[in-house]
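Here is the structure we will look at.
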Amino acid sequence: MAELLKGFHMMETFANTFFLVDQRLVLVDTGTPDAPPTILEYLKKLRMNPSDIGTIFITHTHPDHVGGLAALKREAPAAKVAAHRIEADFISKKKTYTGPPGAARQTHPGTPVDILLDDGKTQDGLRVIFTPGHTTGSISLLDPARSLLIAGDAVNNEGPLRSMDDRYNVDPRQHRESIKKLAAFDFENLVMGHGSPILGGASKRVRDLAVTL
Ligand SMILES: [Zn+2]
Ligand SMILES: [Zn+2]
Numbered sequence: 369m370a371e372l373l374k375g376f377h378m379m380e381t382f383a384n385t386f387f388l389v390d391q392r393l394v395l396v397d398t399g400t401p402d403a404p405p406t407i408l409e410y411l412k413k414l415r416m417n418p419s420d421i422g423t424i425f426i427t428h429t430h431p432d433h434v435g436g437l438a439a440l441k442r443e444a445p446a447a448k449v450a451a452h453r454i455e456a457d458f459i460s461k462k463k464t465y466t467g468p469p470g471a472a473r474q475t476h477p478g479t480p481v482d483i484l485l486d487d488g489k490t491q492d493g494l495r496v497i498f499t500p501g502h503t504t505g506s507i508s509l510l511d512p513a514r515s516l517l518i519a520g521d522a523v524n525n526e527g528p529l530r531s532m533d534d535r536y537n538v539d540p541r542q543h544r545e546s547i548k549k550l551a552a553f554d555f556e557n558l559v560m561g562h563g564s565p566i567l568g569g570a571s572k573r574v575r576d577l578a579v580t581l
């Protein structure tokens with residue numbers, strides 16, 4: 369748990385959860401089903417309450433990102449859930465997600481999505497970048513104020529910066545195209561679901577990866 373940039377905190381559960389403390393408190397991803405007590409504990413340390421949460425972004429429907437959502441929504445019923453409109457149907461369970469066996473298990477309670485996101489839309493100051501391939505409706509979020517890309521599982525930095533293991537990708541080719549798409553943006557800092565943050569020079573690192581794909 370750490371404040372990586374001013375008003376930007378990262379908490380590691382199984383996948384990383386992010387807190388953006390601006391006019392409104394924003395969460396990105398909710399960890400596994402057992403993560404919410406730790407997330408709420410961290411909020412307390414920030415001297416904030418669950419009722420301060422304005423928006424909860426879900427980058428994609430995998431259990432280590434959406435798992436804690438239902439429990440958090442119980443504590444913060446006024447918080448709006450935001451996800452890409454394709455992914456929203458899997459998060460709410462209007463549709464059954466049939467990803468590769470490694471990550472397809474969708475045991476989370478279906479939770480309605482309040483804000484349907486599209487590529488290029490700005491929500492809570494974050495620009496939505498549609499990065500499908502890991503799941504069909506995966507997104508990344510660009511925070512221009514902090515020159516920060518929150519990539520979700522569009523890339524992985526456990527070890528060298530790389531693509532996600534194809535066992536978990538619904539469409540490996542599309543996943544790589546999404547990394548090339550991210551390489552067209554400029555950002556100093558990069559965080560993602562799995563692995564260490566990159567603070568400084570981050571978009572060059574993504575470009576270096578993209579040319580190898
Ligand atoms: Zn994932
Ligand atoms: Zn993940």
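The numbers in the numbering used here rise by one with no breaks, and the one at position 22 of the sequence shown is 390. Backbone N, C-alpha and C define an ideal beta-carbon position, used for all residues, glycine too. If you're wondering where the values come from, they're calculated on a predicted model, not measured in any experiment.
Could you name the residues that DSSP lists as bridge partners for residue i?
{"i": "F498", "result": "I507"}
{"i": "V559", "result": "I518"}
{"i": "M379", "result": "T385"}
{"i": "R530", "result": "N524"}
{"i": "T490", "result": "R495"}
{"i": "L581", "result": "DSSP output for L581 lists no bridge partner at all."}
{"i": "L567", "result": "N557"}
{"i": "L485", "result": "H452"}
Reducing DSSP to helix, strand and coil, say where residue i ends up.
{"i": "Q474", "result": "coil"}
{"i": "E545", "result": "helix"}
{"i": "E409", "result": "helix"}
{"i": "A370", "result": "strand"}
{"i": "V574", "result": "helix"}
{"i": "Q414", "result": "In the sequence as displayed, the identity of residue 414 is Leu instead of Gln. DSSP places L414 in coil when its eight states are reduced to three."}
{"i": "L395", "result": "strand"}
{"i": "A552", "result": "coil"}
{"i": "P540", "result": "helix"}
{"i": "S403", "result": "Residue 403 is actually Ala in this sequence, not Ser. Here A403 sits in coil by DSSP."}
{"i": "P512", "result": "helix"}
For residue i, is the beta carbon positioned less than 6 Å from some heavy atom of ligand 3?
{"i": "G561", "result": "What this structure holds is ligand 1 and ligand 2, not ligand 3."}
Curious, which full-length alpha helix (DSSP H) runs of at least 4 residues does the segment 420 to 476 contain? 431 to 434, 437 to 443 and 453 to 459
contact_flag[the segment 413 to 427, the segment 506 to 517] where n(CB pairs < 8 Å) is 3 or more: yes
Measuring from each Cβ to the nearest heavy atom of ligand 1, keep the ones under 5 Å and list them in chain order. H430 and D521
Determine, using beta-carbon pairs with one atom in the segment 481 to 493 and one in the segment 515 to 533, whether at least three such pairs fall under 8 Å. no
Assess, as a yes-or-no matter, whether the segment 398 to 417 is touched by the segment 433 to 448 under the definition of 3 or more beta carbon pairs within less than 8 Å. yes
Does the structure place the segment 525 to 539 close enough to the segment 487 to 499 that three or more beta carbon pairs sit under 8 Å? no
How about the segment 381 to 396 and the segment 547 to 562: do they share at least three Cβ pairs that are nearer than 8 Å? yes
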